[in-house]
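Visitor: Structure provided below as structure tokens; questions to follow.
There are 2 protein chains.
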Amino acid sequence: MPSNSDLKKAGLKTTLPRLKILRILENSSVRHMTAEDVYKTLLDSGEEIGLATVYRVLTQFETARLVIRHNFEGGRSVFELNDEGHHDHIVCSECGEVFEFCDRTIEERQRWVSDQAGFVLDGHSLYLYGACEGMRKSGKCSINKRKLPTILSKAGRD
Amino acid sequence: MPSNSDLKKAGLKTTLPRLKILRILENSSVRHMTAEDVYKTLLDSGEEIGLATVYRVLTQFETARLVIRHNFEGGRSVFELNDEGHHDHIVCSECGEVFEFCDRTIEERQRWVSDQAGFVLDGHSLYLYGACEGMRKSGKCSINKRKLPTILSKAGRD
DNA sequence: ATCGTTATTGCGAATAATTATCAGTGACGT
DNA sequence: ACGTCACTGATAATTATTCGCAATAACGAT
Numbered sequence: 003m004p005s006n007s008d009l010k011k012a013g014l015k016t017t018l019p020r021l022k023i024l025r026i027l028e029n030s031s032v033r034h035m036t037a038e039d040v041y042k043t044l045l046d047s048g049e050e051i052g053l054a055t056v057y058r059v060l061t062q063f064e065t066a067r068l069v070i071r072h073n074f075e076g077g078r079s080v081f082e083l084n085d086e087g088h089h090d091h092i093v094c095s096e097c098g099e100v101f102e103f104c105d106r107t108i109e110e111r112q113r114w115v116s117d118q119a120g121f122v123l124d125g126h127s128l129y130l131y132g133a134c135e136g137m138r139k140s141g142k143c144s145i146n147k148r149k150l151p152t153i154l155s156k157a158g159r160d
Numbered sequence: 003m004p005s006n007s008d009l010k011k012a013g014l015k016t017t018l019p020r021l022k023i024l025r026i027l028e029n030s031s032v033r034h035m036t037a038e039d040v041y042k043t044l045l046d047s048g049e050e051i052g053l054a055t056v057y058r059v060l061t062q063f064e065t066a067r068l069v070i071r072h073n074f075e076g077g078r079s080v081f082e083l084n085d086e087g088h089h090d091h092i093v094c095s096e097c098g099e100v101f102e103f104c105d106r107t108i109e110e111r112q113r114w115v116s117d118q119a120g121f122v123l124d125g126h127s128l129y130l131y132g133a134c135e136g137m138r139k140s141g142k143c144s145i146n147k148r149k150l151p152t153i154l155s156k157a158g159r160d
């Protein structure tokens with residue numbers, strides 16, 4: 003879990019807005035948030051922080067690798083705390099719920115493909131889209147929104 | 003390669019704007035184009051087609067599965083003719099060049115992961131980012147921009 | 001602790017990409 | 001050839017995000 007000292011390490015002053023935004027990302031029940039989500043959460047807590055600041059800070063956090071930015075379908079950015087190891091995402095197109103997973107076979111194979119192509123791999127983004135069980139059966143998403151399950155393949159995380 | 007009759011099949015009238023946009027996607031030397039790219043190409047050819055129409059038509063083409071929409075980093079959509087089989091992309095972060103590939107192992111594994119998560123998969127996006135051979139060695143990209151190489155794993159395409 | 005420098009913030013305006021509105025036009029079945 | 005209705009073009013509207021700038025607050029030096 004990123005801490006205050008990570009801000010300094012990244013050359014960022016430890017200001018109140020940055021600390022508050024970091025805390026929201028850490029404590030939110032929703033793991034993937036848009037800038038607007040963060041902003042609204044701040045407003046609900048009675049904090050006085052401008053939307054532009056939220057955008058700025060999130061971008062700084064991304065540069066400092068404290069958060070990861072995703073561009074899911076639809077184009078708008080969502081941010082996720084970079085606290086656990088690397089993982090990919092499977093998103094329900096119906097209800098928008100997000101599963102996380104990390105599959106060693108896929109990870110290895112990506113490197114193999116890069117080698118074949120003469121590339122030195124330095125990042126990737128993988129998003130699977132589909133309909134989750136809950137939406138298919140009952141039309142209601144059954145996923146516990148609080149704790150996202152992580153599927154790790156036999157070999158564990160990368 | 004999509005043809006005029008594919009428009010009818012998709013329930014779209016074969017109008018001049020649609021045919022022209024389709025032709026541009028087929029004949030362009032650049033495989034991945036933004037709506038703006040298509041619009042400018044039209045203007046350069048002296049065609050009188052509104053930007054809004056380009057957006058509309060591209061979205062219709064996407065729905066009809068004549069084109070594929072990608073959301074690369076940065077958020078703006080790029081469109082690609084859906085003429086060959088499915089493939090993923092490996093992008094050089096240095097020179098922006100795009101390789102295409104299709105790896106059966108990854109494809110299969112994605113389906114496996116979806117099953118585990120209780121999802122019915124219906125799409126995915128996979129982008130690998132790295133440095134291509136040419137950029138690492140000579141600082142110049144050696145990839146022939148016209149014809150993108152396709153790496154197919156042993157089993158051939160999906 | 002106080003002070004000064006300089007990064008940071010908040011606000012509102014600006015931009016970029018895309019979508020909506022709507023009156024006029026053209027494709028297509030009859 | 002005709003009438004209907006999907007389609008188009010121009011423009012306004014939206015959405016997401018960034019910019020510009022004056023006011024403010026961190027943090028090191030005194």
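So the sequences go chain by chain: P and C. Take the first sequence: its position 145, counted from the start at 1, is 147 in our numbering, and no numbers get skipped. Take the second sequence: its position 90, counted from the start at 1, is 92 in our numbering, and no numbers get skipped. Glycine included, each C-beta is placed from N, C-alpha and C at the ideal position.
(1) When Cβ atoms are compared, which residues of the region 95-108 of chain C fall closer than 9 Å to chain P?
(2) Quick one: Cα of residue 65 of chain C to Cα of residue 12 of chain C, how far?
(3) For residue 43 of chain P, count neighbouring C-beta atoms within 10 Å of its own C-beta (all shown protein chains included) and say buried if the count is 16 or more, exposed if not.
(4) Going by other Cβ atoms of all chains shown within 10 Å of its Cβ, with 16 needed for buried, is residue 89 of chain C buried or exposed?
(5) Can you look up residue 71 of chain P in the DSSP assignment and give me helix, strand or coil?
(6) Whose Cβ in chain P lies nearer than 8 Å to the Cβ of residue 133 of chain C?
(7) Taking CB distances under 9 Å as the criterion, tell me whether residue 158 of chain P reaches chain C.
(8) Return the first residue and the last residue of the beta strand (DSSP E) that residue 90 of chain P is part of.
(9) Have a look at residue 119 of chain C and residue 125 of chain C and give me their C-alpha separation to the nearest angstrom.
(10) Report, in whole angstroms, the separation of the C-beta atoms of residue 164 of chain C and residue 80 of chain C, which I expect to be a contact under 8 Å.
(11) Going along the region 75-87 of chain P in order, which residues come within less than 9 Å of chain C, judged by CB to CB distance?
(12) Taking Cβ-Cβ distances shorter than 7 Å, what residues in chain P pair up with residue 129 of chain C?
(13) When the Cα atoms are used, what is the spatial distance from residue 50 of chain P to residue 38 of chain P?
(14) Measuring CB to CB, does residue 99 of chain P end up less than 9 Å from residue 134 of chain P?
(15) Check whether the Cβ atoms of residue 21 of chain C and residue 68 of chain C lie closer than 9 Å to each other.
(16) With 9 Å set as the bound, which would you pick, yes or no: does the beta-carbon of residue 30 of chain P sit closer than that to a beta-carbon of chain C?
(17) Taking the C-alpha atoms as reference points, what is the distance between residue 87 of chain P and residue 28 of chain P?
(18) From C:83, C:128, C:16, pick the residue whose C-alpha is nearest to that of residue 162 of chain P; which is it?
(19) Mind checking residue 6 of chain C: buried by the 16 CB within 10 Å criterion, or exposed?
(20) Would you list the residues sitting across from residue 132 of chain C in a DSSP beta bridge?
(21) With burial defined as no fewer than 16 other Cβ atoms inside 10 Å of the residue's Cβ, what is the status of residue 10 of chain C: buried or exposed?
(22) Below 8 Å on the Cβ atoms is my contact criterion, and I expect residue 33 of chain C with residue 82 of chain C to pass it. Report the Cβ-Cβ distance as a whole number of Å.
(23) Which of helix, strand or coil does DSSP assign to residue 82 of chain P?
(24) Check the Cβ of residue 56 of chain P against every Cβ in chain C and list those closer than 9 Å, keeping chain order.
Guide: For this structure:
(1) Residues passing the 9 Å Cβ filter: 95, 101, 103, 105, 107, 108.
(2) 9 Å
(3) buried
(4) buried
(5) strand
(6) 121, 122, 124
(7) Low confidence applies to residue 158 of chain P: its pLDDT is 31, below 50, so where it sits in the model is not reliable, and the reading given next is rough at best. No - not a single Cβ of chain C is within 9 Å of the one on residue 158 of chain P.
(8) 90-94
(9) When rounded, the distance between both Cα atoms is 15 Å.
(10) Nothing about residue 164 of chain C can be reported from this structure: the residues present for chain C run from 3 to 160 only.
(11) 75, 76, 77, 78, 79
(12) 126, 127
(13) 14 Å
(14) yes
(15) no
(16) Not one beta carbon of chain C lies nearer than 9 Å to the beta carbon of residue 30 of chain P.
(17) 15 Å
(18) Because residue 162 of chain P is not part of the residues shown, which for chain P are 3 to 160, the question remains open.
(19) exposed
(20) Beta-bridge pairing links residue 132 of chain C to P:123, C:94.
(21) exposed
(22) 6 Å
(23) Residue 82 of chain P falls in the strand class under three-state DSSP.
(24) Here the premise fails: no neighbours, minimum Cβ distance about 17 Å.
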